[in-house]
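Notes for the one structure printed next.
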């Protein structure tokens, strides 16, 4: 479970950074991207948001299995 917790924490960090990057590309910098880039940025926003949710739930499950407080 320690490995799963480490993986979940890393995935949570990576998904958060990816979400912020795709939000920046999809909205403030949309004018410098071609249409295909904008489409990829919008799809990436959905994928990274889902990654945050899945990694957070995985983190909660591993904390509960380890007997640590779940906040």
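Numbering (this note's numbering), first residue to last: 341 to 411. Quick reminder that beta carbons are idealized off the backbone N, C-alpha and C, glycines included. Computed from a prediction, not measured in an experiment: that's the story for all the values here.
Which listed residue (the options) has its alpha carbon closest to that of residue i
i: residue 368; options: 349, 376, 356, 381; result: 381
i: residue 355; options: 394, 407, 346; result: 394
Backbone CA spacing between residue i and residue j [nearest angstrom]
i: residue 397; j: residue 383; result: 22 Å
i: residue 366; j: residue 391; result: 18 Å
i: residue 348; j: residue 370; result: 31 Å
i: residue 405; j: residue 411; result: 14 Å
i: residue 342; j: residue 352; result: 15 Å
i: residue 346; j: residue 409; result: 16 Å
i: residue 350; j: residue 407; result: 20 Å
Residue i at chain C interface by Cβ criterion, 8 Å
i: residue 368; result: As a matter of chain content, chain C is missing from the structure shown, which is built from one protein chain.
Check: residue i C-beta below 7 Å from any heavy atom of the ligand GDP
i: residue 347; result: The ligand GDP is not part of this structure, which contains no ligands at all.
Below 8 Å, can you find three or more Cβ-Cβ pairs linking the region 387-400 to the region 371-378? no
Does the region 398-407 come within contact of the region 356-366, defined as at least 3 CB pairs closer than 8 Å? no
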